[in-house]
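Report on one structure; see the data block that follows.
In our numbering, the protein residues as written are 23 to 116.
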């Protein structure tokens, strides 16, 4: 489940489920990827229990679908976990 970072400018503590329908999000992706609330411990161990060590994609707003399929999906399949930022752009407009 996407994790929003509290920002000191707009001071919004909202969680993903406060804004979006989590069940719909998960069910939409269930045939493509496994969506979890938290990264499993066995994966976090690979990254020294530090999410900043997880590969981070800097995705431009309005990136085409094929970018996710051709660039991001292979890394996700390889690493089993990735970060995408700024992800809010995609959630806000799609």
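Cβ coordinates follow ideal geometry from the N, Cα and C atoms, glycine included.
Own chain residues within Cβ distance below 6 Å of residue i, not counting five before or after
i	result
residue 102	65
residue 38	23, 24
residue 81	106
Length of the line joining the Cα atoms of residue i and residue j
i	j	result
residue 105	residue 27	12 Å
residue 47	residue 94	18 Å
residue 35	residue 91	31 Å
residue 60	residue 71	12 Å
Residues of its chain near residue i, where Cβ-Cβ distance is below 7 Å and the 5 sequence neighbours each way are ignored
i	result
residue 97	77, 104
residue 41	none
Sequence-distant residues of the same chain with beta carbon closer than 8 Å to residue i, five excluded per side
i	result
residue 79	93, 94, 97, 104, 105, 106, 107
(request) Jot down the residue ranges of each uninterrupted alpha helix (DSSP H) in the region 38 to 85, minimum 4 residues, whole runs only, in chain order. (result) 38 to 41, 44 to 51, 63 to 68
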